[in-house]
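What follows is a set of notes on a single structure, which appears directly below.
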Amino acid sequence: MAPILEVLGPLLVAAFISQSPEDQQQNVMVSSTSASASSSSSTSSLTVSTVSSSFHQLMLNNSPFRNSRAQKLIHGLFCSSSTNPYNHLSFAGDAAGQMLVSGKHVIGGGGFRDTNSIGGRCLYSPSSSSSMFASAFTPSSRTTATARNSALFAVAASAGNGMIDPNSFTHSKLHFVTSSVLSLVYDINGGGSGSPSTSPIGTISTSLLQGIQQNANAFVFMVLLALQFGLQPILTKKFTPKSVNRSTIVLTQEIVKFIAAGCILIFTGAWTDAFVGMYTCMHNIS
Amino acid sequence: MKHVFLFLFLTFVVFLSISLGWDIKSSMMIAGLPAALYTIQNVVTLIAYQNLDPITFNVLNQTKTLSAALCVYLLMGKVQSQLQILSLGILFLASCVIEKIINIDEIGKWWVSKFGPSGSTKKNPTEPVSTKQEAEGGRVQPVASSSSSTLTSNHAQGVAAVLTASFISGLAGAFTQKSLQGSRGRNSYLFTMELCVASIFFLVSSMLVNPKDRKQLTSISEGGFFKGWTPQTIIPIFTNAAGGIIVGLVTKYAGAVKKGFALIFGLLLSGILQARMTVSDDQDKPRITKEQIIGGILAAISLWMHSAFPAR
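Protein chains in written order, with the numbering used here: chain A, -5 to 280; chain B, 744 to 1055.
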C-alpha cells in the first residue's frame, strides 16, 4: 500500500494544486478554520487552512525569502505525531536547498517518506497556469526562478494506511531556511479536534539571526580584507621578481579576476539576474 | 590556435548577446575608458610594489582617495563634507611625512622648545643631539640624518609609480561612477568581468601596436609566457584578485565605515609585518622608521575620518 500511496500522494497534491490560483485563493478565503500567526519578524505570516479532509493548505505571506535565489533556499515541512515524531510524513523538504518557493508558484510535496530522507519526492511547478504540475521535482533538479512575496504550500495526507491524518497531527514544524541568512520556524498544529493553526517558534528570531549572520559575515570579510591589504605589498615584493615581464602578471591578474567574478556570478545563481538587471536598467534609461 | 581563441571569444559574445540581452557596444562604452586606465594603473602599481616598503606603499596608495575626491568633484560636481576635506588634508600630511618632505625631527625640536618642560633643553646644553636622539629612538638617528641619501632611484621610481597609480585610480573610479550613473541594476561582478575583458584587450593591443611594448611580446614568444616567474608568483596574483572581491563584500555587508576600519587594521598589519619580517637592505636602516609610524597613524586617522563622516 505504501508504494501506491507514494505514487498517489503526489498525484493527489497535484490534483489539488492544479486548480487555478484564483481557486486556491478562494479556498483560503472560504476556509472557516484558517488561523494565522505573525512571525517574530512581524512582516511574515503563515496561514494554515483546511481545504478538505485530506488537505491542509499553508500560505506564507510576505515571505522573507522574496527576491532570494531559489537555489539558496531550503524548505522543509516536517510533520510528526506524538507517537512517532518526524517519522511519518516529510513534505517539500529539500536538504540540498533546491526547492522553489515563489509567489504564485506552487510547491506540492508528495514524498511520503521518512524525514530521514528529506527531499522525498517534491513536486513543483514553474508557472501558475493550470498545467503547472508537469513533473516530479527531484533533488537533483535546479531552478533559477526567484522567490517572490508569498508562497503557497499544500499539505496532503491520507488517513489510515500508516499515514497521518492532517487533522490529527500535532507538533509539526515548518522550517524555512536559507543557506546563510534567514531562518523561520513555525510550529503547526494540525487541528485534531480543534482548528489548525500556526505559531512562530519564538526562540529563533529571523531579524536577530539575520543580524548575527550578517555581522559574522561582515567580520570575516573585514578580517580577510585587513589581511589582504596588509600582506599584498609584502607578497608582491617577495614573490614577483623584478626581471619578470610585468604585462604577463597583469594579464594573468585580469584573467584570474575574470574567472573569479564569473564563478561568483554562476555559483550564487546571479548570472541571469546580472544580465536581467543590466537589461532592465538600460531599458529604464532608454 | 589564435583563430580558435578568436572563434571561442566571438561565440561567447554572440551567445551573451542573443541569450541575455548583453551587447558589446554598451559594455565597451561603459567599461572601455576605465579599463584602459585600470590597465595602466595595474602596471604602475606593480612597479610601486616592487620598489617600496609595504607601509610606504599602503600610505601613499591611500592618496587615491584624494584624487578620487578631486576627480569626482570635477567630473560630477560631487562635494566632500568638511571633515572629509580635513581628512584628505591629513592624508596629504601623512604622505608628506612618510616621504620626509615634512621633517618631523625639526617639528619635534620646535615643539619641545615651544611647549616642552621649561629648561628641558637647557639642562644639558652640552649634550650632543645625537646621544639624546639615540636615547629616545634607538637606531632612528642615523636614518634621520641620512634621509636624503635613502631616497634611492628605486624608491623614487616606486613613489612616482604609486602616486601615478593613485591618480589614475581616482580618475578611473570617477569615470566608472559617471558611466554607471543611473544604471543601478548593473551587477558589480559582471562589471568586473567587463573591465577584465577590456583590460586584456588593451594590454594585448598595446603589445601588438606599441613598438616599446612589442619587445614584451617578443620576450613572451621567445622565453614563454611565464619567463621569470617562480611558482610563488601566482600567490600575490590570487590575493590581489581576492582583494578586489573582498572589498566589494565588505562594502556590501559592513559598509564603507567598517571597510575603512579594516583598511586601518591592514595598515597596522603591514607595519607590524614590515617591522618583524622584512629584511632591510641597509643594515643601518631600521626596518620601520618613525616617519612611517607617524605617517601610518595619520593615514589611519584620515581613513577613519573620511569614511565616518560622508557628505550628506
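C-beta: ideal position from N, C-alpha, C; glycine also.
Spatial distance of residue i from residue j (CA atoms)
{"i": "Leu1046 of chain B", "j": "Pro797 of chain B", "result": "17 Å"}
{"i": "Gln222 of chain A", "j": "Gly1009 of chain B", "result": "7 Å"}
{"i": "Phe945 of chain B", "j": "Gly991 of chain B", "result": "24 Å"}
{"i": "Ile258 of chain A", "j": "Ile847 of chain B", "result": "47 Å"}
{"i": "Lys958 of chain B", "j": "Met950 of chain B", "result": "8 Å"}
{"i": "Lys955 of chain B", "j": "Ile1044 of chain B", "result": "42 Å"}
{"i": "Gly113 of chain A", "j": "Phe261 of chain A", "result": "Note on Gly113 of chain A: pLDDT 30, under 50, position unreliable in the model; the coordinate value appears next. When rounded, the distance between both Cα atoms is 21 Å."}
{"i": "Ile1037 of chain B", "j": "Ile253 of chain A", "result": "39 Å"}
{"i": "Gln975 of chain B", "j": "Thr230 of chain A", "result": "10 Å"}
{"i": "Met23 of chain A", "j": "Ser824 of chain B", "result": "Caution is warranted here: a pLDDT of 21 is assigned to Met23 of chain A, below 50, making its placement in the model unreliable, and no coordinate value can be reported."}
{"i": "Arg1019 of chain B", "j": "Val840 of chain B", "result": "22 Å"}
{"i": "Thr982 of chain B", "j": "Val855 of chain B", "result": "45 Å"}
{"i": "Leu795 of chain B", "j": "Lys821 of chain B", "result": "33 Å"}
{"i": "Ile943 of chain B", "j": "Tyr781 of chain B", "result": "11 Å"}
{"i": "Ser1013 of chain B", "j": "Asn804 of chain B", "result": "13 Å"}
{"i": "Lys843 of chain B", "j": "Glu1034 of chain B", "result": "7 Å"}
{"i": "Ala1042 of chain B", "j": "Thr973 of chain B", "result": "34 Å"}
{"i": "Met1048 of chain B", "j": "Gly1039 of chain B", "result": "14 Å"}
{"i": "Leu776 of chain B", "j": "Ala915 of chain B", "result": "8 Å"}
{"i": "Leu829 of chain B", "j": "Ala1054 of chain B", "result": "12 Å"}
{"i": "Ile243 of chain A", "j": "Asn930 of chain B", "result": "26 Å"}
{"i": "Phe233 of chain A", "j": "Val993 of chain B", "result": "27 Å"}
{"i": "Ile980 of chain B", "j": "Gly832 of chain B", "result": "32 Å"}
Cutoff 8 Å: residue i Cβ touching any chain A Cβ
{"i": "Leu1006 of chain B", "result": "yes"}
{"i": "Ala915 of chain B", "result": "no"}
{"i": "Tyr792 of chain B", "result": "yes"}
{"i": "Trp972 of chain B", "result": "yes"}
{"i": "Ile841 of chain B", "result": "no"}
{"i": "Asn801 of chain B", "result": "yes"}
{"i": "Ser962 of chain B", "result": "yes"}
{"i": "Pro797 of chain B", "result": "yes"}
{"i": "Tyr996 of chain B", "result": "yes"}
{"i": "Thr935 of chain B", "result": "yes"}
{"i": "Gln975 of chain B", "result": "yes"}
{"i": "Pro979 of chain B", "result": "yes"}
{"i": "Ser1045 of chain B", "result": "no"}
{"i": "Lys1002 of chain B", "result": "yes"}
{"i": "Gly1038 of chain B", "result": "no"}
{"i": "Val902 of chain B", "result": "no"}
{"i": "Gln959 of chain B", "result": "yes"}
{"i": "Asn785 of chain B", "result": "yes"}
{"i": "Leu834 of chain B", "result": "no"}
{"i": "Thr806 of chain B", "result": "no"}
{"i": "Met744 of chain B", "result": "In this prediction, Met744 of chain B scores a pLDDT of 47, lower than 50, which makes its location untrustworthy; the coordinate-derived value is nonetheless stated afterwards. With 8 Å as the cut-off, Met744 of chain B does not count as an interface residue toward chain A."}
{"i": "Phe918 of chain B", "result": "no"}
{"i": "Gly859 of chain B", "result": "no"}
{"i": "Cys814 of chain B", "result": "no"}
{"i": "Asn953 of chain B", "result": "no"}
{"i": "Ser909 of chain B", "result": "no"}
{"i": "Met819 of chain B", "result": "no"}
{"i": "Ser824 of chain B", "result": "no"}
{"i": "Leu906 of chain B", "result": "no"}
{"i": "Ala984 of chain B", "result": "yes"}
Given residue i as reference, the closest of the options once Cα atoms are compared
{"i": "Ile911 of chain B", "options": "B:His1049, B:Phe981, B:Asn785 and B:Gly1039", "result": "B:Asn785"}
{"i": "Val250 of chain A", "options": "B:Ile845, B:Met936, B:Leu914 and B:Cys814", "result": "B:Met936"}
{"i": "Phe968 of chain B", "options": "B:Pro974, B:Leu780 and B:Leu960", "result": "B:Leu960"}
{"i": "Met819 of chain B", "options": "B:Thr919, B:Lys1033 and B:Ile963", "result": "B:Thr919"}
{"i": "Ala212 of chain A", "options": "B:Tyr996, B:Arg1030, B:Glu849 and B:Thr982", "result": "B:Tyr996"}
{"i": "Phe215 of chain A", "options": "B:Leu803, B:Ala812 and B:Lys1002", "result": "B:Lys1002"}
{"i": "Ala791 of chain B", "options": "A:Lys236, A:Val217 and A:Thr242", "result": "A:Lys236"}
{"i": "Thr246 of chain A", "options": "B:Ile977, B:Gly998, B:Val993 and B:Ile833", "result": "B:Ile977"}
{"i": "Gly256 of chain A", "options": "B:Pro979, B:Leu938 and B:Val1000", "result": "B:Leu938"}
{"i": "Asn897 of chain B", "options": "B:Glu965, B:Leu789, B:Ile1031 and B:Ala1051", "result": "B:Leu789"}
{"i": "Ala1067 of chain B", "options": "B:Tyr816, B:Ala908, B:Phe858 and B:Thr806", "result": "Missing from the structure shown is residue 1067 of chain B; chain B here goes from 744 to 1055 and no further."}
Below-8 Å beta-carbon distance, residue i vs any chain B residue
{"i": "Phe261 of chain A", "result": "no"}
{"i": "Asp17 of chain A", "result": "Residue confidence for Asp17 of chain A is low, a pLDDT of 30 falling below 50, so the modelled location carries little weight; the figure read from the coordinates is stated next. False, the Cβ-Cβ gap to chain B never drops below 8 Å."}
Note to self: List, from N- to C-terminal side, the alpha helix (DSSP H) runs of 4 residues or more that fit wholly inside the segment 915 to 969 of chain B.
What the structure shows: 931 to 952 and 954 to 966
Margin query: Please give me, in chain order, every unbroken run of the alpha helix (DSSP H) with length at least 4 that falls completely inside the segment 777 to 823 of chain B.
Written below: 797 to 804 and 807 to 819
Check: Whole alpha helix (DSSP H) runs in the segment 235 to 262 of chain A with 4 or more residues, listed along the chain?
Finding: 240 to 261
Next item on the list: Tell me the start and end of each unbroken alpha helix (DSSP H) in the segment 977 to 1045 of chain B that is at least 4 residues and wholly inside, in chain order.
Entry: 977 to 996 and 998 to 1019
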